[in-house]
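Convert by adding 120 to the 1-based position in the sequence shown; the result is the number in our numbering.
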Amino acid sequence: AWLADYPDAENFLQLLYGKNVSPGPNGSNFKHKEFDDLYEKAALMPPGPERTKLYQRMRDIVVEKSPWVPGVHRLGYRLYHGWLKNYKSHSIVNDTYKYLRVDTKAQAELKAKL
């Protein structure tokens, strides 16, 4: 399975860019001239309405040509102790460990109850 690396449409669209065919990330080996031209043009643009319009056309091409049959898992479960502080669940970012804090007093109190 694959998970987005950053919250931008480009992160998904690069998986279908013709120059990224297998063994690159384009495992479907999808090649489409208009899609690839739009991808290259969008890659040179800053975020904004004009780039979004290109991304929307690229999305339409993907929907029409259907190189993928995507699977979606909308639910995720994470269990953690109450003494683990500053935990923020995120749908894309999973490497947030450097922000975690252990409340050692609360941890010791819980262990004493066991």
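Just so it is clear, CB atoms sit at the ideal spot from N, CA and C, and this is done for glycine as well. All values derive from a computational prediction rather than experimental measurement.
Looking at residue i: is its Cβ nearer than 8 Å to the Cβ of residue j?
i, j, result
"P190", "F150", "no"
"W203", "D180", "no"
"K205", "T216", "no"
"M165", "L133", "no"
"L234", "H201", "no"
"H152", "K185", "yes"
"A129", "Y175", "yes"
Use the C-beta contact count for residue i: other C-beta atoms within 10 angstroms, 16 or more gives buried, fewer gives exposed.
i, result
"L220", "exposed"
"V213", "exposed"
"S182", "The sequence given here has Val at residue 182, not Ser. Looking at its Cβ environment, which holds 16 or more other Cβ atoms inside 10 Å, V182 is buried."
"R198", "exposed"
Give me whichever residues DSSP pairs with residue i in a beta bridge.
i, result
"N146", "V141"
If you scan the stretch 162-222 from start to end, which runs of the alpha helix (DSSP H) of 4 or more residues do you find wholly inside it? 169-185
Evaluate contact between the stretch 127-142 and the stretch 156-173, counting only Cβ atoms and requiring at least three cross-stretch pairs below 8 Å. yes
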